[in-house]
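Note that the protein sequences, when read in sequence, are chains A and B. Taking numbering that gives the first Met the number 0, the leading residue of the first sequence gets 0, the next gets one more, and so forth. Taking numbering that gives the first Met the number 0, the leading residue of the second sequence gets 0, the next gets one more, and so forth. Remarks on the structure that follows.
There are 2 protein chains.
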Amino acid sequence: MSRWEPNARGRLEQAALELYAERGFDDTTVADIAERAGLTKRTFFRHFTDKREVLFSGQTLLAEAYAAAVAAAPASATPMDAVADGLRAVAAIVEDRGELARRRQAIVAANRELQERELLKRAALAGVIVDALRARGVADPVASLTAETAVAVFKIAYAQWSTTENTALTTLIDQALGQLSAATANGASASGPAG
Amino acid sequence: MSRWEPNARGRLEQAALELYAERGFDDTTVADIAERAGLTKRTFFRHFTDKREVLFSGQTLLAEAYAAAVAAAPASATPMDAVADGLRAVAAIVEDRGELARRRQAIVAANRELQERELLKRAALAGVIVDALRARGVADPVASLTAETAVAVFKIAYAQWSTTENTALTTLIDQALGQLSAATANGASASGPAG
DNA sequence: TGGTTTGATGTCACCTGGTGCCGTCAACGG
DNA sequence: CCGTTGACGGCACCAGGTGACATCAAACCA
Numbered sequence: 000m001s002r003w004e005p006n007a008r009g010r011l012e013q014a015a016l017e018l019y020a021e022r023g024f025d026d027t028t029v030a031d032i033a034e035r036a037g038l039t040k041r042t043f044f045r046h047f048t049d050k051r052e053v054l055f056s057g058q059t060l061l062a063e064a065y066a067a068a069v070a071a072a073p074a075s076a077t078p079m080d081a082v083a084d085g086l087r088a089v090a091a092i093v094e095d096r097g098e099l100a101r102r103r104q105a106i107v108a109a110n111r112e113l114q115e116r117e118l119l120k121r122a123a124l125a126g127v128i129v130d131a132l133r134a135r136g137v138a139d140p141v142a143s144l145t146a147e148t149a150v151a152v153f154k155i156a157y158a159q160w161s162t163t164e165n166t167a168l169t170t171l172i173d174q175a176l177g178q179l180s181a182a183t184a185n186g187a188s189a190s191g192p193a194g
Numbered sequence: 000m001s002r003w004e005p006n007a008r009g010r011l012e013q014a015a016l017e018l019y020a021e022r023g024f025d026d027t028t029v030a031d032i033a034e035r036a037g038l039t040k041r042t043f044f045r046h047f048t049d050k051r052e053v054l055f056s057g058q059t060l061l062a063e064a065y066a067a068a069v070a071a072a073p074a075s076a077t078p079m080d081a082v083a084d085g086l087r088a089v090a091a092i093v094e095d096r097g098e099l100a101r102r103r104q105a106i107v108a109a110n111r112e113l114q115e116r117e118l119l120k121r122a123a124l125a126g127v128i129v130d131a132l133r134a135r136g137v138a139d140p141v142a143s144l145t146a147e148t149a150v151a152v153f154k155i156a157y158a159q160w161s162t163t164e165n166t167a168l169t170t171l172i173d174q175a176l177g178q179l180s181a182a183t184a185n186g187a188s189a190s191g192p193a194g
């Protein structure tokens, strides 16, 4: 018999998710989480760098899936097309874990520090996308610009999906992409002020 | 004669900027900052909500300038054009405070927590832009999308400006806008995957 | 078989960010 | 002349986060 129950990390994630939902992020201490998981505060910090990170461990997975999809896009695809493929790949994963994603989202939406961390994760995702685009031969600043835009599209589609029902995330992403194209195609001349 | 030296807040900002630059953010305690400013830790936290915020008090100003510029754009301007005007307005302010902006930027670039806070400020700016666009009658999700894109453009142009010399921020912004237009106009069809 | 090493956890002490509460005292206002 | 206000100091306290050392099952090895 093992000296400790298995999957300590998973138990911590589970306990944190429950407690953040029950009492809110601020009113939950790390000691609380560890206790519910049958562990100690010190062990919590061996698995997660801080109290927020426990909610964001899945992000790495998304970033990898994204990069893989961008890399797999045909050579003929424009940067924006390749990035759109990545968005669809990530959307598929998120929709798979639908319920979990929504619970997580509700917790994050209720707390400013968590939103801050989410932004950092989003920026990291943008960084991964930039790398994937560069690997396709896309130069800066187009690579950065495309990556940032893609992340923005995802954010907006995801926000819609989180708060509404019955619409697939992939559909919302495609809609947002279309609207982005329309918004930028005829406006934003680079020649000078609008007025 | 006054009981205390004037401009406590400004002295704290100055002391923090110096110390963060000298020793780094992590190796500077709030007590250190307060001491250099001739104040106490408790007073620091009366002026700033946390140790990071002391570097970001100017952001409010930028957001206001941005909103004003968007509101002042002619009715005939597209959302993207209006937002581009806002970008130019903000760029002008940043370039005015050029040296300070660069010092601040170097400190932020060296620390992850500060980058996180910067992202939050950027998101807040996006929120202000969305409001300004809605006030112009732009509906969601085009408003959100345009705002996020504008912020992304600013981020990229600002990053270029921070690390290079001799190119005006406004010029870089105009270039980025042009490239964005090119990147989105012909790619990113909303009809389905690229491959 | 028996000894050794490894790795995940516990325990403890400690620092610092951040807050609540109360005290102090110049300036201000009537 | 007196009460109020506002900006600051001082103090105690909690919680996040870290370093150092102890523990002990399991895995590995002679």
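Think of the CB as a built atom: it goes at the ideal place given N, C-alpha and C, for glycine as much as any other residue. None of the values given here were measured: they were computed from a predicted structure.
Using the three-state DSSP reduction, which class does residue i fall into: helix, strand or coil?
i, result
"B/SER180", "helix"
"A/LYS120", "helix"
"B/PHE47", "coil"
"A/LEU168", "helix"
"B/ALA193", "Its pLDDT being 49, under 50, B/ALA193 is placed unreliably in this model, and the coordinates cannot settle the point."
"B/PRO78", "helix"
"B/VAL56", "For the sequence presented, residue 56 of chain B should be read as Ser rather than Val. DSSP places B/SER56 in coil when its eight states are reduced to three."
"A/SER188", "For A/SER188, the predicted structure reports a pLDDT of 46, less than 50, and the residue's modelled location is therefore unreliable. The matter cannot be settled from this model."
"B/SER1", "coil"
"A/ASP25", "coil"
"A/THR145", "helix"
"B/ALA72", "coil"
"B/LEU61", "helix"
"A/ALA175", "helix"
"A/LEU38", "coil"
"B/ALA163", "It should be noted that the sequence gives Thr, not Ala, for residue 163 of chain B. Of the three classes helix, strand and coil, the one that applies to B/THR163 here is coil, per DSSP."
Between which two residues does the alpha helix (DSSP H) harbouring residue i extend?
i, result
"B/GLY136", "B/GLY136 -> no alpha helix (DSSP H), and no H or E assigned at all."
"A/GLN102", "Reading off the sequence shown, one finds Arg at residue 102 of chain A, where the question assumed Gln. Element bounds for A/ARG102: 97-108."
"B/GLY9", "7-22"
"A/ARG35", "29-35"
Taking 8 Å as the threshold, find out whether the region 126-146 of chain A comes into contact with the region 44-51 of chain A through three or more Cβ pairs. no
Segment contact flag, the region 147-155 of chain A with the region 138-148 of chain B, C-beta cutoff 8 Å, min 3 pairs: yes
Taking 8 Å as the threshold, find out whether the region 33-41 of chain A comes into contact with the region 2-16 of chain A through three or more Cβ pairs. yes
Check whether the region 84-103 of chain B and the region 59-73 of chain B touch, using three or more Cβ-Cβ pairs below 8 Å as the test. yes
Using 8 Å as the cut-off, can you tell me whether the region 92-101 of chain B makes contact with the region 161-168 of chain B, which would need three or more C-beta pairs spanning the two stretches below that distance? yes
Counting pairs of Cβ atoms below 8 Å between the region 48-68 of chain B and the region 119-128 of chain B, do you hit three or more? yes
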